[in-house]
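**Student:**
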Amino acid sequence: MDFASFLIQTLNSLQYGLLLFLVASGLTLVFGIMGIINLAHGSFYMIGAYLAFVLASLTGNLFAAIALGIPLALLFGAFLEWALFSHLYKRDHLEQVLLTYGLILIFEEVRSLLVGDEVHGVDIPAVFSASIQLSEVLSYPVYRLVISAVCIVLAVALYFVIQRTRLGMMIRAGNHDRVMVEALGININMIYRVVFALGVALAALAGMLAAPISSVFPNMGSHVLIISFVIVVIGGIGSVWGALVAALVIGFADTFGKVLVPELSGMVVYLVMAAVLLWRPEGIFKKG
Amino acid sequence: MSNMLLEAKELHTYYGASHILHGIDFHIRQGEGIALMGRNGMGKTTLIKSMLGIVRPRHGRILVRGDDFTRAPTYRTVQRGIAYVPEGRGIFPNLSVRENLQMAARAGVDGQREWTFDRVMATFPRLGERINNGGWQLSGGEQQMLTIGRALMTNPDLLILDEATEGLAPLIALEIWRIVKEIRKTGIATMIVDKNHSAVTSICDRAMILVKGEVVFDGSSEQVREDPGLIQKHLGV
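For the record, the sequence lines run as chains A and B. Mapping to the UniProt record's numbering: the first sequence position 137 is 137, numbers consecutive. Mapping to the UniProt record's numbering: the second sequence position 93 is 93, numbers consecutive.
1) In terms of residues, what are the limits of the alpha helix (DSSP H) holding serine 222 of chain A?
2) Using a Cβ-Cβ cutoff of less than 8 Å, which residues in the same chain neighbour proline 73 of chain B once the five nearest sequence positions on both sides are dropped?
3) Pick out whichever of B/Asn100, B/Glu114, B/Asp110 and B/Ala104 has its Cα sitting closest to the Cα of glycine 128 of chain B.
4) Can you tell me which of the three DSSP states phenylalanine 124 of chain B falls into?
5) Under the three-state reduction of DSSP, which class applies to alanine 17 of chain B: helix, strand or coil?
6) Quick one: is glutamate 182 of chain A near chain B, going by C-beta distance under 9 Å?
7) Taking 9 Å as the CB-CB cut-off, is glycine 288 of chain A touching chain B?
8) With 9 Å as the threshold, decide whether the Cβ of alanine 189 of chain B is near any Cβ in chain A.
9) Candidates B/Gln30, B/His27, B/Gly43 and B/Arg39: which alpha carbon is nearest serine 18 of chain B's?
10) Helix or strand or just coil, what does DSSP make of glycine 288 of chain A?
11) Taking the straight line between their C-alpha atoms, what separation do you get for arginine 106 of chain B and threonine 154 of chain B?
12) Using a cut-off of 7 Å between C-beta atoms, extract the partners of glycine 90 of chain B located in chain A.
13) Express the C-alpha separation of glutamate 282 of chain A and isoleucine 48 of chain B in angstroms, rounding to a whole number.
14) Grab the span of the alpha helix (DSSP H) containing serine 148 of chain A for me, first residue to last.
15) Classify leucine 205 of chain A as helix, strand or coil using the three-state DSSP reduction.
16) Measure from the C-beta of asparagine 61 of chain A to each C-beta in chain B and report whether the shortest distance is under 9 Å.
17) Let me check one thing: in DSSP terms, what residues is glycine 219 of chain B bridge-paired to?
18) Could you check which residue in A/Leu202, A/Met46 and A/Leu19 has the C-alpha nearest to that of methionine 220 of chain A?
19) Can you give me the C-alpha to C-alpha distance between valine 272 of chain A and leucine 244 of chain A, rounded to a whole angstrom?
20) Just mark glutamine 137 of chain B as buried or exposed, buried being the case when its beta carbon has 16 or more other beta carbons within 10 Å.
21) Quick one: list the residues of chain A neighbouring proline 86 of chain B, beta-carbon separation under 9 Å, in chain order.
22) Alpha carbon to alpha carbon, how far is isoleucine 188 of chain A from threonine 77 of chain B?
23) Please confirm if arginine 280 of chain A has its CB atom under 9 Å from at least one CB of chain B.
24) Could you check whether the Cβ of isoleucine 284 of chain A sits closer than 9 Å to any Cβ belonging to chain B?
25) Tell me whether valine 230 of chain A is buried or exposed, calling it buried when 16 or more other Cβ atoms sit within 10 Å of its Cβ.
26) According to DSSP, what are the bridge partners of residue 241 of chain B?
27) By how many angstroms is the C-alpha of threonine 165 of chain A removed from the C-alpha of serine 43 of chain A?
28) Which residues of the region 150-169 of chain A have a Cβ closer than 8 Å to any Cβ of chain B? Give them in chain order.
29) Note down, in chain order, all residues in the region 37-65 of chain B with a beta-carbon under 7 Å from any beta-carbon belonging to chain A.
30) Once the 5 residues before and after alanine 73 of chain A are set aside, which same chain residues still bring their CB inside 6 Å of it?
31) Out of B/Thr116, B/Lys212 and B/Leu158, state which residue places its alpha-carbon closest to the alpha-carbon of arginine 80 of chain B.
32) Just verifying my parser: in three-state terms, what is the DSSP assignment at threonine 190 of chain B?
33) Measuring only between beta-carbons, confirm whether methionine 267 of chain A sits less than 9 Å from chain B.
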């Protein structure tokens with residue numbers, strides 16, 4: 001592998017890993033803090049991608065689509081938490097899995113009715129449609145760098161909110177003992193709603209950002225869901241930093257696995273998970 | 001308007017099929033100190049949790065400052081000026097000492113902010129030395145100081161301490177009692193559960209004894225101290 005292609009694969013790994021982090025961070029927070037296994041989390045990624053497709057067709061601009069899509073996703077998340085998920089906190093995992101699996105079917109059916117089952121493309125915004133020439137034959141699209149940059153900014157913002165703000169302290173405290181948080185006069189249900197809506201918006205944003213490079217197609221959330229659960233397990237349930245590290249590990253393992261050992265490419269991610277779990281059964285970062 | 005802070009009327013609480021509280025009446029006024037006494041399993045913690053809505057009583061009413069809070073969520077009840085230090089302390093081990101305190105900070109019911117971060121630091125110098133440590137790194141005594149400090153950060157009118165010195169070394173327990181006395185002097189009402197009968201009855205002016213979920217004694221602490229038979233009968237092991 002020459003340097004230019006190595007550089008391209010490295011950038012691809014980063015971009016893929018960071019995008020997965022957006023999805024997995026919400027999943028791990030909802031799992032760790034509220035104790036909910038949300039199989040429908042991948043659907044938010046799918047919904048985000050379709051929102052980007054529909055809104056970009058209407059407005060003619062991906063930026064406008066994202067600007068509209070994020071508040072819609074937040075509202076949708078808050079509504080879902082209020083209407084459905086808030087009733088799941090005291091239920092066992094089987095009931096959570098039943099409801100959230102049912103939601104996947106409903107979301108896909110509604111998607112099919114509204115937008116159809118064809119594969120759609122979303123145009124890369126003209127400002128970012130250029131490529132950077134790395135060698136005579138290899139170049140790297142600017143849009144992928146933009147995705148990575150946006151994800152890095154969001155990861156830093158998330159770090160700031162969780163580590164430096166009172167809301168973040170309450171979220172982390174709720175991860176440990178929700179009754180005690182409430183006994184200090186804090187409306188833990190409102191915190192749950194905010195966290196859930198945030199998780200939905202991050203997953204949807206990942207779908208919106210990915211739409212131009214992956215195109216938009218039915219069931220696109222299911223692969224992302226499985227990989228996100230792998231990331232949550234590797235990183236440690238409830239740990240956002242674990243999710244970041246694990247997402248990057250998976251990004252590199254998957255990307256370089258496909259290049260270096262193409263015959264094993266489907267397995268590399270799971271081999272990494274097995275290895276991490278043998279080494280640290282609770283994930284790289286413990287809950288907290 | 002009376003100066004009643006927290007009242008329970010005819011409280012019946014169950015855990016599944018077992019009937020824990022049998023029609024308990026309770027009240028505490030502004031500035032009052034109550035020692036809640038009784039052997040293990042007599043319903044002391046359940047009474048506290050029922051009044052705060054952490055456990056839902058099946059019958060009875062809960063009033064906070066005269067208003068009905070029977071069905072209110074816990075956070076609304078405690079926002080009316082109640083701070084709760086649970087058995088086992090309930091610090092957040094994954095937060096630093098500073099964060100444990102900061103996350104709880106709020107003004108009291110009348111907007112008072114007498115208990116600031118600095119005042120809590122002055123009251124518990126030991127916590128100052130540990131300010132950036134994680135909650136999980138504290139000793140039992142430091143943890144208890146942190147939970148009491150955290151409770152004070154909410155500027156409460158009523159402080160509830162369940163098993164105030166359980167599991168602490170005698171010298172550390174003495175330090176906790178000294179601090180609780182200081183807090184009592186500021187006029188904060190306190191409700192204390194502890195195995196050390198002489199300490200709680202000297203700090204609190206009123207005592208209440210529970211036996212099998214019923215109130216068998218409600219009177220002055222002096223009476224309890226001067227009647228060894230009472231302690232022998234209801235509290236002796």
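Using N, Cα and C, we set each Cβ at its ideal position, and we do this for glycine too. In this text the structure is predicted, and so the values were computed from the model without any measurement.
**Tutor:** In short, the structure shows the following:
1) Boundaries of the alpha helix (DSSP H) harbouring serine 222 of chain A: 220-235, taken from the DSSP string.
2) Cβ neighbours of proline 73 of chain B within its own chain (closer than 8 Å, five residues either side excluded): Gly53.
3) Closest by alpha carbon: B/Asn100.
4) Three-state result, phenylalanine 124 of chain B: coil.
5) Judged by DSSP in its simplified three-state form, alanine 17 of chain B adopts coil rather than helix or strand.
6) Yes - at least one Cβ of chain B is within 9 Å of the one on glutamate 182 of chain A.
7) Unreliable positioning characterises glycine 288 of chain A in this predicted model, as indicated by a pLDDT of 41, which lies under 50. The coordinate reading is nonetheless provided below. Yes, its Cβ sits closer than 9 Å to a Cβ of chain B.
8) Chain A contact via Cβ: absent.
9) For serine 18 of chain B, the nearest C-alpha among the options comes from B/Gly43.
10) Here the model assigns glycine 288 of chain A a pLDDT of 41, short of 50, so the residue's position is not dependable and the matter cannot be decided.
11) Going from the Cα of arginine 106 of chain B to the Cα of threonine 154 of chain B covers about 5 Å.
12) Close partners of glycine 90 of chain B in chain A (Cβ separation under 7 Å): Asp177 and Met180.
13) Isoleucine 48 of chain B and glutamate 282 of chain A have their C-alpha atoms spaced approximately 35 Å apart.
14) From DSSP, the alpha helix (DSSP H) with serine 148 of chain A extends over 142-164.
15) Secondary structure at leucine 205 of chain A: helix, using DSSP grouped into helix, strand and coil.
16) It does not; no Cβ of chain B falls within 9 Å.
17) Bridge partners of glycine 219 of chain B according to DSSP: B/Ala207.
18) Per the Cα distances, A/Met46.
19) Taking the straight line joining both Cα atoms gives about 15 Å.
20) That one is exposed.
21) Ordered by position in chain A, the residues that pass the 9 Å Cβ test against proline 86 of chain B are Val179, Met180 and Ala183.
22) Each residue's Cα considered, the two are about 14 Å apart.
23) Under the Cβ criterion of 9 Å, arginine 280 of chain A is not counted among the residues facing chain B.
24) Taking a beta-carbon distance threshold of 9 Å, isoleucine 284 of chain A does not count as an interface residue toward chain B.
25) Residue environment: valine 230 of chain A is assigned as buried (16 or more neighbouring CB atoms within 10 Å of its CB, all protein chains considered).
26) What is shown of chain B runs 1 to 237, which leaves residue 241 of chain B out entirely.
27) Whole-angstrom Cα-Cα distance: 29 Å.
28) Per Cβ criterion, the list reads Arg166 and Met169.
29) Residues are counted here when their Cβ sits less than 7 Å from a Cβ of chain A; for the region 37-65 of chain B these are Leu52 and Ile54, given in chain order.
30) Cβ within range, chain order: Val200, Ala201 and Ala204.
31) Taking only the C-alpha atoms, the option nearest arginine 80 of chain B is B/Leu158.
32) Assigned with DSSP and collapsed to three states, threonine 190 of chain B falls in strand.
33) No, methionine 267 of chain A does not count as interfacial toward chain B.
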